[in-house]
Amino acid sequence: MPIRQMKETSEQHFVIKPQLQNSMNSASKSSKTAQNGKGPPPVQESQNKQTSPPSRNRGRRRGWGGRKSDQGDAFMRPSSRPCTVADKPIVRENGRAIVPALSTNVSVGNGGSLCESDMGYPSSSKSLTFPLRPGFGQIGTKCIVKANHFFADLPDKDLNHYDVTITPEVTSKVVNRAIMAELVKLYKESELGMRLPAYDGRKGLYTAGELPFAWKEFTIKLIDDEDTVNGPKRERVYKVVIKFVAKASLHHLGQFLAGKQADGPRDALQILDIVLRELSMKRFCPVGRSFFSPDIRRPQKLGDGLEAWCGFYQSIRPTQMGLSLNIDMASAAFIEALPVIEYVAQLLGKDVLSRTLSDSDRVKVKKGLRGVKVEVTHRGDVRRKYRVSGITTQPTRELVFPVDDNSTMKSVVEYFQEMYGFTIQYTHLPCLQVGNQKKANYLPMEACKIVEGQRYTKRLSEKQITSLLKVTCQRPRDRENDILQTVQHNGYDQDPYAKEFGIRISEKLATVEARVLPAPWLKYHESGKEKDCLPQVGQWNMMNKKMINGMTVSRWACVNFSRSVQDSVARGFCNELAQMCQVSGMEFSPEPVIPFYNARPDQVEKALKHVYHACMNKLKGKELDLLLAILPDNNGSLYGDLKRICETDLGLISQCCLTKHVFKMNKQYLANVSLKINVKMGGRNTVLLDAISCRIPLVSDIPTIIFGADVTHPENGEESSPSIAAVVASQDWPEVTKYAGLVCAQAHRQELIQDLYKTWQDPIRGTVSGGMVRDLLVSFRKATGQKPQRIIFYRDGVSEGQFYQVLLFELDAIRKACASLEPNYQPPVTFIIVQKRHHTRLFANNHRDKSSTDRSGNILPGTVVDSKICHPTEFDFYLCSHAGIQGTSRPAHYHVLWDENNFTADGIQMLTNNLCYTYARCTRSVSVVPPAYYAHLAAFRARFYMEPDLQEGSRVAGELGVRPLPALKENVKRVMFYC
């Protein structure tokens, strides 16, 4: 990456140079009055009444201007303004203003320091409170929706917490529960004083009212039911000590639910959650917060020995209406309870009874069975269970082991015949290894069966994912009915634990007031028949419209990796695509630089380098604008390898097309591909009319940069693969449509983004500042000629338990990144969490009313809820910004954790909804705000950049630290390469 000199600090920083056009020539025309009654309406007073907050930089903004010439290469001019505590932002707590207690100094790039108190950054969660809700939104058409939340009465009994110690120590929660169940069975009516306690499976025991003792020891004898069916059973003896810990305050919880207290008592909520899960723990197979059973609905086969079980999710939540029980349908992949030989046959997809396993077969079987629990079937009434640690490299007939201290050897076949009278028939198959490596036992495959109820946690194949999605995909009305049936089937009114603790659950879905926000007007190029567009039910098309900034593709080539696509077909497809790009507003040369090049998928690097050098020779050093690549439908690692080589090695912008689409040449597909190509070239497809008319509150008034950030983690089983963090940021203002993106690898499963801001020591320059936020701020300045004076940061993928931790760490990094560019440069920040992995679903109040649903039967796009089922005091809302296609739409949950820009509820809801119409890859509003969506795409793309050994989870990599990702080529990082 090129390095530029900063005047005021003499330090160098990375610059990401986005390829950006100047504001559209047609922008000045966009605010004209509607023509023939069909144009966009004038801006409404209600949408524009919000003003930006007072700012300490307001007096200097005019002087900072947008001219590039007066700034030279410097990002910002130094300020003589002293560091004062008076600039500290005010945080509201319980309705009163507080100033966070801060002390730490933060170093600045020029060797000086910035008072952290001036940064307004809280040093710990004790001094941090999330913003209170500034009011409820008013914009939009009011309506009623139903939510899968069920009102729960707050009990009026004392909650008591006891500590449980079991000796000898037990690691299995199942065994722990069995021990405590036996204890309650024996002592409920005597020592426990008729109390029915709830138990969390580890150290926590909870009661409604006190037990007759503060400390007591019990001796429990537990019979091992797994050992035999009818024969003698083994008995184990445990000592259980129960000790009083504390009372949980329900008054505190009541105050919190009433909005009179800012923080919720987690202990009381946790106890109530455990109580309501206790009966389901006994009846179903628990997985996380969900419960599954083959009896809820008939399991569906997924292939390769797996099946889909249906179940339900359950969680107690604090909301504005009080306590709420969130119930949703769930499904997951489980291993079929098959004889092991049958499972292996399904896994390999072939007969294994008469054939020996190849080395590749053995590896696949080992991966499939490792960690799986099996039970023996060769011992009559004995049903011992074991966990598989591996399989033998030799067939069963060759296995021998010592039977005494004299090293007398005996074969496995002989042992099972003599010991159990069991004749092993399939001696050509390997044995299962159970136990640890030092003392592994051998079990013949034909003598074992897989234990029922084991969730499959490894990676599913594409075919299995498709089959699982078919199971989970339910129309809204069907899902709603299943949820109601689940609540009735669970019978909370008859639940002995709910009765014991005085909890009553409603059996009706919560009815909630909602609003449908208006869709924004979109601006297209003046040369098209339709110069602007108002989407209908979250959708529109490109007919009679032209991209507002159509780019030029004059130098392109095509490489074909698909054997079934002939040259004539490939040429015809590329001609159709070129014509679609031209119709959509781009300029696209009809002829490639070199003839179409055919290549084998296993020679991707050789093929790409050949095409690259051939084009460079033909163009005499000029860069290729675009590489089109035709891929087989099932292409394995080809796609990832192609993207890695193009974007980190050759510096090529590429567009991949699958064989099935090449043959179909569907117009809608070609139109969507043309949208992707245009933004990869650095263009814009459309922009918000309000943006170019400068009518978006708290965005249009001063230069505003919008960030999106996400972290993707490796899949289960990849124990040392790094996590990938991605940050994107808008690079045009006031349009806020183009987003440059940066990616980095970080420690395995690390959720905090480590490289938002960083410093390192250079032997010549000393301390050097960098990081993704800093680089993107610099690139915004280079692209627009203006410094960002407001930051809006959408952060994806954070669970509620990580809110404080992520905000403390990442807001600090944003502050330091700003401060490193200029002393006292602290634009106000709004930090918003975006959540999609939640279980709140919204349903139409009347499914028969077609005016209140889209085609799929889901609620209308733009439906927003900020009352009743939302947080009692904090600033959050649910927004369904997209039209459903199939299944039940999942609204996005937005939670504002920090807001120095003083957004109103309408302001942030309208901004978020409107941005969802600017997603570059299709003519639909999307379900997640585009900056967060783009960050997810960039992080997903970056996983292809890792070396193969890291993708497979190399332990060496984990020991040596995180290997950095290869750098993107400069021309690639300038554009939205991840689209």
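Residue numbers 16 to 994, in our numbering, belong to the letters of the sequence shown in order. Here a beta-carbon is modelled for each residue, glycine too, at the ideal position from N, C-alpha and C.
Got a sec, what are the start and stop residues for the beta strand (DSSP E) Ala223 sits in?
Working through the sequence shown from its first residue, we reach residue 223 at position 208. It spans Gly219 to Ala223 - the beta strand (DSSP E) in which Ala223 sits, taken as one unbroken run.
How is the beta strand (DSSP E) around Leu673 delimited, first residue to last?
One-based indexing of the sequence shown puts residue 673 at position 658. Ser669 to Leu673 is the extent of the beta strand (DSSP E) around Leu673.
Using a 10 Å radius around the Cβ and a threshold of 16 neighbouring Cβ atoms, would you call Trp571 buried or exposed?
Walking along the sequence shown from the start, residue 571 turns up at place 556. Taking all protein chains shown into account, Trp571 has 16 or more neighbouring C-beta atoms within 10 Å of its C-beta and is therefore buried.
Selection from Met296, Gly364 and Leu368 that minimises the alpha carbon distance to Lys379:
Position 364 of the sequence shown holds residue 379. Of all alpha-carbon atoms in Met296, Gly364 and Leu368, the one lying nearest the alpha-carbon of Lys379 is that of Gly364.
Beta-ladder partner(s) of Arg810, from DSSP
In the sequence shown, counting from the first residue as 1, residue 810 sits at position 795. Arg810 is bridged by DSSP to Ala724 and Ile848.
CB of Ala213 within 7 Å of CB of Glu293, strictly:
Numbered from its first residue, the sequence shown carries residue 213 at position 198. Numbered from its first residue, the sequence shown carries residue 293 at position 278. Contact: yes.
Run of the alpha helix (DSSP H) containing Gly395, from where it starts to where it stops:
Mapped onto the sequence shown, residue 395 falls at position 380. Segment: none, Gly395 is in no alpha helix (DSSP H) and carries neither H nor E.
Nearest-angstrom beta carbon gap, Val987 and Lys851 [assumed within contact, 8 Å]
For the purposes of this step, residue 851 is identified with residue 836 of the sequence shown, where counting begins at 1. For the purposes of this step, residue 987 is identified with residue 972 of the sequence shown, where counting begins at 1. For a cut-off of 8 Å, the C-beta gap from Lys851 to Val987 is around 28 Å, too long to register as a contact.
Identify the continuous beta strand (DSSP E) that holds Cys937 and give its terminal residues.
Within the sequence shown, numbered from 1, the residue matching residue 937 stands at position 922. For Cys937, no beta strand (DSSP E) run applies, since DSSP gives it neither H nor E.
Can you tell me which of the three DSSP states Glu545 falls into?
As a working mapping, residue 545 is identified with position 530 in the sequence shown. Residue state, collapsed to three classes: coil.
Report yes or no: do the stretch 679-686 and the stretch 766-776 share at least 3 C-beta pairs separated by less than 8 Å?
At 8 Å Cβ cutoff, the stretches do not touch.
Does the Cβ of Lys675 have 16 or more other Cβ atoms within 10 Å, making it buried, or fewer, making it exposed?
In the sequence shown, counting from the first residue as 1, residue 675 sits at position 660. Exposed, because fewer than 16 other Cβ atoms sit within 10 Å of the Cβ of Lys675.
Have a look at Asn175 and Ile181 and give me their C-alpha separation to the nearest angstrom.
For the purposes of this step, residue 175 is taken as residue 160 along the sequence shown, with counting starting at 1. For the purposes of this step, residue 181 is taken as residue 166 along the sequence shown, with counting starting at 1. Going from the Cα of Asn175 to the Cα of Ile181 covers about 19 Å.
Paired residues, beta bridge with Ala525 - DSSP
Here residue 525 refers to the residue found at position 510 of the sequence shown. According to DSSP, which records beta bridges pairwise, Ala525 is partnered with Ala162.
Pull the bridge partners of Lys157 from the DSSP assignment, please.
Taking the first residue of the sequence shown as position 1, residue 157 is located at position 142. Paired residues: Arg530.
Just tell me which of Thr407, Met344, Tyr401 and Glu413 has its CA closest to the CA of Val449.
For this step, residue 449 is matched to residue 434 along the sequence shown. Proximity to Val449 across Thr407, Met344, Tyr401 and Glu413 peaks at Tyr401, based on C-alpha coordinates.
Spatial neighbours of Lys577 in its chain, beta-carbon cut-off 6 Å, leaving aside the 5 residues before and after:
Along the sequence shown, one-based indexing puts residue 577 at 562. For the record, residue 577 in the displayed sequence is Ser; it is not Lys. Residues Ile645, Pro647 and Thr674 of the same chain have their beta carbon placed closer than 6 Å to that of Ser577, with the five preceding and five following residues left out of the count.
Looking only at C-alpha atoms, which of Gly816, Gly600, Lys514 and Asn873 sits nearest to Gly899?
Against the sequence shown, residue 899 aligns to sequence position 884. Closest option to Gly899, Cα to Cα, is Asn873.
Check whether the stretch 788-796 touches the stretch 712-725, counting contact only when three or more Cβ pairs, one atom from each stretch, lie closer than 8 Å.
The count of Cβ pairs closer than 8 Å, one atom from the stretch 788-796 and one from the stretch 712-725, reaches three, so the stretches are in contact.
Using the Cα positions of Gly468 and Val160, report the straight-line distance between them to the nearest angstrom.
Translated into the one-based positions of the sequence shown, residue 468 becomes position 453. Translated into the one-based positions of the sequence shown, residue 160 becomes position 145. Their Cα atoms are separated by approximately 36 Å.
Contact test: His443 Cβ vs the ligand SAH heavy atom, cutoff 6 Å:
The ligand SAH is not part of the structure shown, which contains no ligands of any sort.
So what's Gly87 in DSSP terms, helix, strand or just coil?
Here residue 87 is taken as the residue at index 72 of the sequence shown, counted from 1. A caution first: Gly87 carries a pLDDT of 34, below 50, which makes its placement in the model unreliable, though a value can still be read off. Coil, per DSSP.
Secondary structure of Val389, DSSP reduced to three states:
Position 374 of the sequence shown, counted from the first residue, corresponds to residue 389. Residue state, collapsed to three classes: strand.
Whole angstroms are fine: how far does the CA of Arg494 sit from the CA of Pro333?
Locating residue 333 in the sequence shown gives position 318, where the first residue counts as 1. Locating residue 494 in the sequence shown gives position 479, where the first residue counts as 1. In a straight line, the C-alpha of Pro333 is about 23 Å away from that of Arg494.
Just checking my contact of Val531 with Cys158 at CB under 8 Å: how many whole Å lie between their CB atoms?
Position 516 of the sequence shown, counting from 1, holds the residue named residue 531. Position 143 of the sequence shown, counting from 1, holds the residue named residue 158. Contact flag correct, Cβ pair sits at about 6 Å.
Suppose contacts are defined by Cβ-Cβ distances below 7 Å. Is Ile439 in contact with Thr411 by that definition?
Counting from 1 along the sequence shown, the entry for residue 439 is found at position 424. Counting from 1 along the sequence shown, the entry for residue 411 is found at position 396. Thr411 sits close to Ile439, with the two beta carbons spaced by under 7 Å.
Which residues DSSP lists as bridging Ala323, in chain order:
Reading the sequence shown from its first residue, position 308 is the one you call residue 323. Among the bridge pairs identified by DSSP, Ala323 is matched with Gln315 and Ala348.
Cβ-Cβ distance between Asp282 and Ile331 below 7 Å
For the purposes of this step, residue 282 is taken as residue 267 along the sequence shown, with counting starting at 1. For the purposes of this step, residue 331 is taken as residue 316 along the sequence shown, with counting starting at 1. Cβ atoms of Asp282 and Ile331: not closer than 7 Å.
Got a sec? Which residues, its chain only, sit under 6 Å from Lys485 by beta carbon, not counting five neighbours each side?
Start at 1 with the first residue of the sequence shown, and residue 485 comes out as number 470. Answer for Lys485: no residue qualifies.
Segments of 4+ residues assigned as alpha helix (DSSP H) that fall wholly inside the stretch 275-310:
Qualifying alpha helix (DSSP H) stretches, in chain order: 281-298.
Distance between beta carbons of Ala760 and Arg739, contact taken as under 8 Å
The count along the sequence shown starts at 1 and reaches residue 739 at position 724. The count along the sequence shown starts at 1 and reaches residue 760 at position 745. Reading off the sequence, residue 739 comes out as Ile, not Arg. Rounded, the Cβ-Cβ distance is 6 Å, consistent with contact.
Spell out the partners DSSP gives Lys400 in its beta bridges.
If you number the sequence shown from 1, residue 400 lands on position 385. Looking at the DSSP output, Lys400 shares a beta bridge with Glu390.
Counterpart residues of Met961 in DSSP-defined beta bridges:
The residue labelled residue 961 in the question sits at position 946 within the sequence shown. Note: Met961 sits in no beta bridge, so no partner.
Thinking just about the alpha-carbon of each residue, which of Gly274, Leu362 and Gln276 is nearest to the one in Lys316?
Looking up residue 316 in the sequence shown gives position 301. For the residues Gly274, Leu362 and Gln276, the minimum Cα distance to Lys316 belongs to Leu362.
Measure the C-alpha to C-alpha separation of Thr371 and Leu444 and round it to an integer number of angstroms.
Taking the first residue of the sequence shown as position 1, residue 371 is located at position 356. Taking the first residue of the sequence shown as position 1, residue 444 is located at position 429. C-alpha separation (whole angstroms): 6 Å.
Run through the DSSP bridge pairs and tell me what Met424 is partnered with.
As a working note, residue 424 is residue 409 in the sequence shown. BP columns for Met424 point to Pro417.
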